[in-house]
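One structure is given here, and the rest of the page talks about it.
Numbering (this note's numbering), first residue to last: 21 to 121.
Written as structure tokens, this is what we have:
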């Protein structure tokens, strides 16, 4: 699989480089590539467009980037907002009880 790398510079401009899969040909466990860029790099992100099959996306960034919550963290936040065992909003039976009062 190729490696897609996005460099974000201090001024906010972004550069994307696609490294072909042949880089893994000589050593499949470890490889290195040198970049000499004109601008100072603020952040690096691997697979920014989510094109590859990556199980752990939490280790794809370096530098000043926003931490994206995992699906589990989003689920827990939604459950906590509704209250444990509580649904969001009012159900039809509760509406009828309020109308009767």
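All C-beta atoms, glycine included, are put in the ideal place defined by N, C-alpha and C.
Excluding five sequence positions before and after residue 41, the CB atoms of its chain that fall closer than 7 Å to its own CB belong to 21, 22, given in chain order. Judged by their CB atoms, residue 68 and residue 24 are nearer to each other than the 8 Å cut-off. Straight-line measurement puts the Cα of residue 63 at about 16 Å from the Cα of residue 54. From the listed residues 52, 60, 91, the smallest Cα separation to residue 83 is found for 60. If you draw a straight line from the Cα of residue 65 to the Cα of residue 47, it comes to about 22 Å. Where residue 116 is concerned, the enclosing alpha helix (DSSP H) starts and stops at 112 to 120. Here the alpha carbons of residue 97 and residue 111 stand approximately 21 Å from one another. Every unbroken stretch of the beta strand (DSSP E) spanning 3 or more residues and falling wholly within the segment 25 to 55 is given here in chain order: 34 to 39.
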